[in-house]
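Asks: Below: one structure in structure tokens.
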Amino acid sequence: MASTIVLFVLTLVSVALGATAFTPSLDLRPLAEFYLENCLNQFNKDLWAASPEAVTSMLWDYRGLDTVYETTVFFLAIIGSVAAFRFGEAFLRSYEESKRKQRREEGLSLIVKVITRLTFVLIVALSIAIALHGHLTPGGGFQAGSIFAVAPLLAIAAFSRRFVEEFGLTKNTCLAIRTTGLITIALIALIPLLSIALGFTGVFIIQNQPKPWALQPSFPGFPVYLGPIWLAGTLILFNVAEFLTVASGFTLLFILLSLPEDFFRRLMGK
Amino acid sequence: MTSILGQILWLYMYGVLLAIVSISIYGVVVRPHILKKIIALTILADTANTFMIFIGYRLGATVPPILTTLNPSPSDIATFVSSAVDPVPQCLVITAIVINMAVTALLIFLSIQAYRLYRTLHVKELSRLRG
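Protein sequence lines, in the order shown, are assigned to chains A and B.
The opening residue of the first sequence carries number 1 in my numbering; numbering runs sequentially from there.
The opening residue of the second sequence carries number 271 in my numbering; numbering runs sequentially from there.
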């Protein structure tokens, strides 16, 4: 008990000391000022990220490497969960087969089902809109993916797991989509390095726009716009890939969590 | 610039966050049930995120850190820099939220598996089951 109290007091003191230096002020910290000044500074394109959204341009450009490693942590957490709940597809199929006869009508009442059908479409549309506008408005791949994952969760609650699987969102499809998203992120991050083979110089990992200090021929960077559509270089690609990763990752977790307890008991031979 | 009311509100908010931190640390350290530890851990993480957003606030800031035009003039950028809140804590927090969600999911999966194997989530009883 004494050690608990000591730990408790030490943590509180450290948190309190860490926060006393920060009181609200009129001025920004120099780092924040740099990001706000440069994120869409078309008069000095040396350090710009080509996005009006300072948070997204930090997340996927200035601090991009940090976010890639964060995606790695996400990958490991999901893979760990799937490994804890591993089973063969054939076993699940034989279990479903054995339960088919005693199955009654599934899901909640008609009202809930109709409302869920409506909100399912709205949630998916909203999440896609947020993912595609991540470099222009608040939001991005993470937020859009988390919003998308609510839709299968609702469908599992209102209908059943089989309803979601009839949509094509089975365990293996989710794993495949998630892997595609992760590979896309890795590829986009490595394209500048791969361009060394074409003779470009002055490149670095997760490069978005060309840098003026590179020797000629310098890396041309990713397209900032395509006709009237603003793309902001790598940012939209990263956002869409991250959307696929997060959305299918959480859907996968919800599908695994909705498997019946009886199935796992039979799987473990109890 | 800071009125007395503003400073009182600042201290109040600070105190509330510290109180929630202390309650959640108590939950993680003292409570013996793993599910309650996980709940306390998520509260701790969310409080830390709120705290980071809290210290990123800037007096007199009126806009979020997003430019509203794709073709800003130098005066637009100057106004933006002088009126936007600090984007750095927001960027750190969005990273932390996703990691927190993924780690919570992993913890829940592991504790469900532990419950299936041992039929208990009480740490004292789990530690007794060796081998």
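All residues carry an ideal CB built from backbone N, CA and C; glycine is no exception.
Any idea what DSSP makes of V286 of chain B, helix, strand or coil?
Replies: Note: V286 of chain B maps to helix in three-state DSSP.
Asks: Jot down the residue ranges of each uninterrupted alpha helix (DSSP H) in the stretch 288 to 347 of chain B, minimum 4 residues, whole runs only, in chain order.
Replies: Complete alpha helix (DSSP H) runs here, min 4: 304 to 325.
Asks: Within 10 angstroms of the Cβ of M271 of chain B, are there 16 or more other Cβ atoms? Answer buried if so, exposed if not.
Replies: For M271 of chain B, the predicted structure reports a pLDDT of 49, less than 50, and the residue's modelled location is therefore unreliable. A value from the coordinates is still provided. So M271 of chain B counts as exposed.
Asks: Could you tell me whether the Cβ atoms of S160 of chain A and A144 of chain A are closer together than 7 Å?
Replies: Not in contact: S160 of chain A and A144 of chain A (Cβ atoms no closer than 7 Å).
Asks: By a C-beta neighbour count over all protein chains shown, 10 Å radius and 16 as the cutoff for buried, is M371 of chain B buried or exposed?
Replies: Looking at its Cβ environment, which holds 16 or more other Cβ atoms inside 10 Å, M371 of chain B is buried.
Asks: Identify whether M271 of chain B lies in helix, strand or coil by the three-state DSSP scheme.
Replies: Confidence at M271 of chain B is low in this model, with a pLDDT of 49, below 50, so the placement of that residue is unreliable and no value is reported for it.
Asks: What would DSSP say about I369 of chain B, mapped onto helix, strand or coil?
Replies: I369 of chain B falls in the helix class under three-state DSSP.
Asks: What's the C-alpha gap between G330 of chain B and I308 of chain B?
Replies: The straight-line gap from Cα to Cα measures roughly 38 Å.
Asks: Is the beta carbon of I206 of chain A less than 7 Å from the beta carbon of H135 of chain A?
Replies: No; because the gap between Cβ atoms is not below 7 Å, this pair is not in contact.
Asks: Counting only C-beta atoms, is S94 of chain A closer than 7 Å to chain B at any point?
Replies: It does not; no Cβ of chain B falls within 7 Å.
Asks: Taking P344 of chain B and L36 of chain A to be in contact with their CB atoms under 8 Å, please state how far apart those CB atoms are, rounded to whole angstroms.
Replies: Contact doesn't hold; Cβ gap of about 13 Å is too wide.
Asks: Would you check if there are 3 or more beta carbon pairs closer than 8 Å linking the stretch 221 to 229 of chain A to the stretch 161 to 169 of chain A?
Replies: Flag = no, the stretch 221 to 229 of chain A and the stretch 161 to 169 of chain A do not touch.
Asks: Taking only three categories from DSSP, how would you classify E53 of chain A?
Replies: Residue state, collapsed to three classes: strand.
Asks: Would I295 of chain B pass as an interface residue toward chain A - the criterion being a Cβ-Cβ separation below 7 Å?
Replies: With 7 Å as the cut-off, I295 of chain B counts as an interface residue toward chain A.
Asks: Helix or strand or just coil, what does DSSP make of I205 of chain A?
Replies: It is coil, neither helix nor strand.
Asks: So, for S153 of chain A: in the same chain, excluding its five sequence neighbours on each side, which residues have a beta-carbon less than 6 Å away from its beta-carbon?
Replies: A quick correction: the sequence has Leu, not Ser, at residue 153 of chain A. Excluding residues within five positions, the ones whose Cβ falls inside 6 Å are F254.
Asks: Can you confirm whether I313 of chain B, when its beta carbon is compared against all beta carbons of chain A, has any partner nearer than 7 Å?
Replies: Not an interface residue.
Asks: Only counting the same chain, and skipping five residues up and downstream in sequence, which positions put a Cβ closer than 8 Å to that of I185 of chain A?
Replies: Cβ neighbours of I185 of chain A beyond the five flanking positions: V68, T71, F238, A241, E242, T245.
Asks: Drop a sphere of 10 angstroms on the beta-carbon of S403 of chain B, count the other beta-carbons inside from all chains shown, and report buried for 16 or more, exposed for fewer.
Replies: This structure cannot speak to residue 403 of chain B, because chain B is shown only from 271 to 401.
Asks: Go to L126 of chain A, then tell me how far its alpha helix (DSSP H) extends in each direction, as first and last residue.
Replies: Where L126 of chain A is concerned, the enclosing alpha helix (DSSP H) stretches over 110 to 132.
Asks: Please state if the CB of F219 of chain A and the CB of F200 of chain A are separated by a distance shorter than 7 Å.
Replies: Yes. Within cutoff.
Asks: What residues of chain A sit near R412 of chain B, judged by a beta carbon separation below 9 Å?
Replies: Chain B is shown only over 271 to 401; residue 412 of chain B falls outside these bounds and no answer can be derived.
Asks: In three-state DSSP terms, what is S3 of chain A?
Replies: In this structure, S3 of chain A counts as helix in the three-state DSSP scheme.
Asks: Can you pull out the residues from the stretch 78 to 91 of chain A whose beta carbon lies closer than 7 Å to at least one beta carbon of chain B?
Replies: Flagged, chain order: I78, G80, S81, A84, F85.
Asks: Beta carbons nearer than 9 Å to chain A: which residues of the stretch 318 to 330 of chain B have them?
Replies: Residues A318, F321, F324, I325, G326, Y327, R328, L329, G330.
Asks: Among the candidates B:A289, B:L281, B:I278, B:Y282, whose CA atom is the shortest distance from the CA of F8 of chain A?
Replies: Out of B:A289, B:L281, B:I278, B:Y282, B:A289 has the C-alpha closest to the C-alpha of F8 of chain A.
Asks: So which residues of chain B does N239 of chain A contact, with C-beta pairs closer than 8 Å?
Replies: Here the premise fails: no neighbours, minimum Cβ distance about 12 Å.
Asks: Under 8 Å between beta-carbons, which chain B residues line up against W230 of chain A? List them in chain order, please.
Replies: Per Cβ cutoff of 8 Å: L340.
Asks: Determine the extent of the alpha helix (DSSP H) in which N38 of chain A is found, giving its start and end residues.
Replies: From DSSP, the alpha helix (DSSP H) with N38 of chain A extends over 30 to 38.
Asks: List the endpoints of the continuous alpha helix (DSSP H) containing I236 of chain A.
Replies: Run containing I236 of chain A: 234 to 257, per the alpha helix (DSSP H) assignment.
Asks: If I measure Cβ to Cβ from Y388 of chain B and keep anything under 8 Å in the same chain, skipping five residues before and after, which residues do I get?
Replies: Closer than 8 Å at the Cβ level, and outside the excluded window around Y388 of chain B, lie E395, L396, L399.
Asks: Helix or strand or just coil, what does DSSP make of W406 of chain B?
Replies: In the structure as shown, chain B starts at 271 and stops at 401, and residue 406 of chain B therefore has no counterpart that could be examined.
Asks: Note down, in chain order, all residues in the stretch 193 to 215 of chain A with a beta-carbon under 9 Å from any beta-carbon belonging to chain B.
Replies: Listed in sequence order: no entries.
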